[in-house]
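Each remark here refers to the structure printed beneath this line.
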Amino acid sequence: MDEQLIAIPLATLTVLTTLGGGWLALRMSHSLPTLIALSGGVVVAVAMFEVLPEAIELLEDDPDTLAPLIGAGFLSFFLAERVLVLHHRDDPEDARSHGQVGVLGALGLSAHSFVDGLAIGLAFGADTAVGVLVLVAVLSHDFADGLNTVSFVLSQSDDRKRAKRWLWIDAVAPLVGATVGALIHVSDVALGQLLAFYVGFFLYMGATDLLPEAHEHGSWGRVGLTVLGFAAIFGVSLLTG
Numbered sequence: 026m027d028e029q030l031i032a033i034p035l036a037t038l039t040v041l042t043t044l045g046g047g048w049l050a051l052r053m054s055h056s057l058p059t060l061i062a063l064s065g066g067v068v069v070a071v072a073m074f075e076v077l078p079e080a081i082e083l084l085e086d087d088p089d090t091l092a093p094l095i096g097a098g099f100l101s102f103f104l105a106e107r108v109l110v111l112h113h114r115d116d117p118e119d120a121r122s123h124g125q126v127g128v129l130g131a132l133g134l135s136a137h138s139f140v141d142g143l144a145i146g147l148a149f150g151a152d153t154a155v156g157v158l159v160l161v162a163v164l165s166h167d168f169a170d171g172l173n174t175v176s177f178v179l180s181q182s183d184d185r186k187r188a189k190r191w192l193w194i195d196a197v198a199p200l201v202g203a204t205v206g207a208l209i210h211v212s213d214v215a216l217g218q219l220l221a222f223y224v225g226f227f228l229y230m231g232a233t234d235l236l237p238e239a240h241e242h243g244s245w246g247r248v249g250l251t252v253l254g255f256a257a258i259f260g261v262s263l264l265t266g
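All letters in the sequence shown, in the order written, are residues 26 to 266 by this note's numbering.
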């Protein structure tokens, strides 16, 4: 088998890892504020310690676009929320709109997972050893991606079927990305620009949707879970380099 095509069967591991995180989130759905507290710390940390460093590395030859794209990602989600008439949580009639922001968050995570898979496919094309390292790095946060995908949907509506659908989309996304990455060429700059946009997107989701929801039902235990989620991703980023 061509070395680059090895990425495709190996990427099935990302599916299992993501489903594992989502399964845990579904099992904990009866304790949603606790789950959201953990997820808020994880989302912000993934943006800062996983996605941002990747974007910086890929945009080494075009660093001036980094900050504007992060800002664009942040503002884009802000505007999307305004258009969907969100953040009116006290009005029961807004439940449908609240569900839409959860879907938007899940869509962002799924798109990021696709890019992760793309990186796996491209890395194996460059060198098998590099491909393995990228695969390990992706696996290290795919569990959190599954957990966060379910958390986003359930934080805005109690629709478990919708959460499961988006969990499967997020789980399969890196496998699709790895297949595409193994078969085509995508420039580092284009990948870096996309990741920079998602940094702003995830920072907005964490700072304005997940963390405030956790604090609304706040306790020191949940604050501790937020810090734990943040610290766990930071630790993983140090271990995986």
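Ideal placement from N, C-alpha and C gives every residue a C-beta, glycine not left out.
Model, not experiment: these values are computed from the prediction.
Could you say if the segment 180-199 and the segment 132-145 meet the contact criterion of at least three C-beta pairs nearer than 8 Å?
-> yes
Give every residue of the same chain whose Cβ lies closer than 7 Å to the Cβ of H166, excluding the five residues on either side of it in the sequence, and list them in chain order.
-> Translated into the one-based positions of the sequence shown, residue 166 becomes position 141. The answer, listed in chain order, is V71, E75, I258 and V261.
Three-way DSSP call (helix, strand, coil) for H210 in this model | Taking the first residue of the sequence shown as 1, we reach residue 210 at position 185. Coil at H210, not helix or strand.
Do you know offhand how far L192's Cα is from T43's?
-> Here residue 192 is taken as the residue at index 167 of the sequence shown, counted from 1. Here residue 43 is taken as the residue at index 18 of the sequence shown, counted from 1. About 8 Å.
Could you check which residue in D89, S64 and L160 has the C-alpha nearest to that of V349?
-> Look at the range of the chain in this structure, 26 to 266, and you will see that residue 349 is not part of it.
So T90 is in the alpha helix (DSSP H); what residue range does that whole segment cover?
-> Start at 1 with the first residue of the sequence shown, and residue 90 comes out as number 65. Run containing T90: none; DSSP gives neither H nor E here.
C-alpha gap between I61 and L250, whole angstroms = Position 36 of the sequence shown, counting from 1, holds the residue named residue 61. Position 225 of the sequence shown, counting from 1, holds the residue named residue 250. If you take the alpha carbons of I61 and L250, they lie about 9 Å apart.
Cβ-based burial, I145 [other Cβ within 10 Å; buried from 16] | By one-based count along the sequence shown, residue 145 stands at place 120. Classification for I145: buried.
Spatial neighbours of V252 in its chain, beta-carbon cut-off 7 Å, leaving aside the 5 residues before and after | In the sequence shown, counting from the first residue as 1, residue 252 sits at position 227. Result list for V252: G66, in chain order.
Roughly how many angstroms separate the alpha carbons of G202 and H240, rounded to a whole number?
-> Numbered from 1 along the sequence shown, position 177 holds the residue referred to as residue 202. Numbered from 1 along the sequence shown, position 215 holds the residue referred to as residue 240. Distance between the alpha carbons of G202 and H240 is about 35 Å.
Please say whether G246 and T59 have beta carbons closer to each other than 9 Å?
-> Within the sequence shown, residue 59 is the residue found at index 34, counting from 1. Within the sequence shown, residue 246 is the residue found at index 221, counting from 1. Contact annotation: T59 and G246 have beta-carbon atoms nearer than 9 Å.
How would you write the range of the alpha helix (DSSP H) that V40 sits in, first residue to last?
-> As a position in the sequence shown, residue 40 is number 15, starting the count at 1. In the DSSP assignment, V40 falls within the unbroken alpha helix (DSSP H) covering T37 to R52.
Return the Cβ separation of A188 and L51 in integer angstroms, given the expectation that the two are a contact with Cβ distance under 8 Å.
-> Here residue 188 corresponds to residue number 163 of the sequence shown, with the count starting at 1. Here residue 51 corresponds to residue number 26 of the sequence shown, with the count starting at 1. Confirmed, about 7 Å.
Boundaries of the alpha helix (DSSP H) in which T233 is found, first to last residue | Within the sequence shown, numbered from 1, the residue matching residue 233 stands at position 208. Counting along the chain, T233 falls outside any alpha helix (DSSP H), and DSSP gives it neither H nor E.
Spatially closest choice to L264 from P34, F99, F226 and A162, by CA coordinates | Taking the sequence shown and counting its residues from 1, the one referred to as residue 264 is at position 239. Checked all of P34, F99, F226 and A162; the closest Cα to L264 is A162.
Figure out for me which residue from D86, A92 and F102 has the closest Cα to the Cα of D234.
-> As a first step, residue 234 must be located in the sequence shown, where it is residue number 209. The shortest Cα separation from D234 among D86, A92 and F102 belongs to F102.
Leaving out five residues before and five after A32 in sequence, what residues of the same chain have Cβ atoms less than 7 Å from its Cβ?
-> Position 7 of the sequence shown, counted from the first residue, corresponds to residue 32. So the qualifying residues of the chain are I145, G146, F149, G156, A203, G206 and A207.
So what's S182 in DSSP terms, helix, strand or just coil?
-> The residue you call residue 182 lines up with position 157 of the sequence shown. For S182, the three-state secondary structure derived from DSSP is coil.
For G217, decide whether its Cβ has a neighbour in chain C, counting only Cβ atoms nearer than 9 Å.
-> Of the protein chains in this structure there is only one, and it is not chain C.
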